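Numbering-wise (the numbering used here), the sequence shown opens with residue 31 and increments by one.
Glycine included, each C-beta is placed from N, C-alpha and C at the ideal position.
Because the structure is a prediction, the values reported are computed rather than measured.
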Amino acid sequence: MSQFAPYEVHECRGVLRVYSDGSIWRSTEPSFKVPVHDDGSVLWKDVLFDPVNNLHLRLYKPASSSTKLPIFYYIHGGGFCIGSRTWPNCQNYCFKLCSELQAVIVAPDYRLAPENRLPAAIDDGFLAVKWLQRQAVSEEADTWLTEVADFGKVFISGDSAGGNIAHHLAVRLEAGSPELAPIQVRGYVLLAPFFGGTARAKSEAEGPKDAFLNLELIDRFWKLSIPIGETTDHPLVNPFGPDSKSLESVKLDPILVVVGGSDLLKDRAKDYAERLKTWGTKIEYVEFEEQQHGFFTIYPNDEAASMLMLVIKTFISENSC
């Protein structure tokens, strides 16, 4: 019998390759090679939050603060397949969030697909929030965090796949997040949330072929991350799929949904916001004209990214009372 060398079946942004024999190669380098802008105005450190899976989160706080600060989770994107809290684009954006929002930033990692398919990433997001609850009640809590953190003002944000995770956390925890007491989640920020479905949305079907997140890559991410044998109407992918739990009667904390006008995910995000608003959720939808997927981390100093920061800051302020 002749032996054939394994060949590449899937490739994602140069940092993940899946081969025909099931083997996987991951780069130790990030796909976004930009310099880290650490000017000392923000302090940061890594913490192990899940020893079983060796998962860490990165904490950020202003170098000087005289008051207790809100806590803002930033869950990175990458189609559930790539990305990390350690990537420079993620770290730079967390520096910016910390400085401009004057908040403690919590940036957790989560298990990636295809080695760990959904719901692993969503379960890990929940564990990252439960870690914060332990910090709020433990006599051995980390004073680096507790001396500045206001556990009564927690906001959970996610970027792309992280936005999907944030949505599922919102549904699981429901309004007021009673199971996290004394932690109180005040709202969720979904940045270009990564949702899908078997029926193409108009923005997917007619969006630019050269988009930063194009349709081919969207399909590849889903193929690698959803449970084997399932479709993109799986409840973890499509919040309104045929087998998804109805959200009509679910009480949710306030939600901010942000998307770029040229993002292929735009229509799904807009539909999500419109449906939840009809069902009584306090939800705001903000679309940045002509902006692509992830514009705020790719071009963090552009006008659109600066405007977004003001929108987030207003959302935090309005829901902190």
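Coil, strand or helix - residue i by DSSP
i: H197; result: helix
i: R88; result: strand
i: S207; result: coil
i: I186; result: strand
i: D297; result: helix
i: Y329; result: coil
i: Y37; result: coil
i: W174; result: helix
i: I346; result: helix
i: M31; result: The predicted position of M31 is uncertain, since its pLDDT is 40 and thus under 50; a value taken from the coordinates is nonetheless stated next. In this structure, M31 counts as coil in the three-state DSSP scheme.
i: I248; result: helix
i: A231; result: coil
i: D80; result: strand
i: R220; result: Correcting the residue type first, residue 220 is Leu in the shown sequence and not Arg. L220 falls in the strand class under three-state DSSP.
i: L340; result: helix
i: R47; result: strand
i: F242; result: coil
i: R305; result: helix
With 16 other Cβ atoms within 10 Å as the buried cut-off, status of residue i
i: T344; result: exposed
i: P238; result: exposed
i: C351; result: exposed
i: I346; result: buried
i: N331; result: exposed
i: S279; result: exposed
i: C42; result: buried
i: S336; result: exposed
i: E234; result: buried
i: T308; result: exposed
i: L282; result: buried
i: L435; result: A query on residue 435 cannot be resolved here, the shown segment of the chain reaching from 31 to 351 and no further.
Candidates the options, of which the one nearest residue i by Cα
i: L85; options: G107, P60, W161 and P65; result: W161
i: P60; options: I112, S187, E246 and F125; result: I112
i: D297; options: V316, P284 and E41; result: V316
i: H106; options: D189, S96 and A205; result: D189
i: E320; options: L306, L295, G291 and G310; result: G291
i: E145; options: I256, V167 and W309; result: I256
i: L286; options: K91, W309, H197 and P208; result: H197
i: D301; options: W252, D180 and F224; result: F224
i: H323; options: L87, V288, P269 and E177; result: V288
i: F181; options: P269, R216 and S57; result: R216
i: I157; options: P81, S187 and P92; result: Reading off the sequence shown, one finds Leu at residue 157, where the question assumed Ile. That would be P81, whose Cα lies nearest to the Cα of L157.
Whole-angstrom distance between residue j and residue i, CA atom to CA atom
i: N122; j: V66; result: 6 Å
i: F62; j: R202; result: 32 Å
i: D154; j: P36; result: 32 Å
i: V72; j: D51; result: 45 Å
i: Y339; j: C124; result: Note that residue 339 is Met in the sequence shown, not Tyr. So the alpha carbons of these two residues sit roughly 12 Å apart.
i: L131; j: V39; result: 42 Å
i: A205; j: K312; result: 11 Å
Proximity test, Cβ basis, 7 Å: residue i and chain D
i: V219; result: Checking the listed chains, one finds no chain D in this structure; it contains a single protein chain.
Heavy atom of the ligand FMN within 6 Å of residue i beta-carbon
i: K300; result: Looking at this structure, you won't find the ligand FMN or any other ligand, since it has none at all.
**Q.** Given 8 Å, three or more beta-carbon pairs between the segment 219–234 and the segment 246–263
**A.** yes
Q) Does the segment 244–255 come within contact of the segment 160–175, defined as at least 3 CB pairs closer than 8 Å? A) no
Q) Looking at C-beta atoms only, is the number of pairs between the segment 89–106 and the segment 135–152 that lie closer than 8 Å three or more? A) yes
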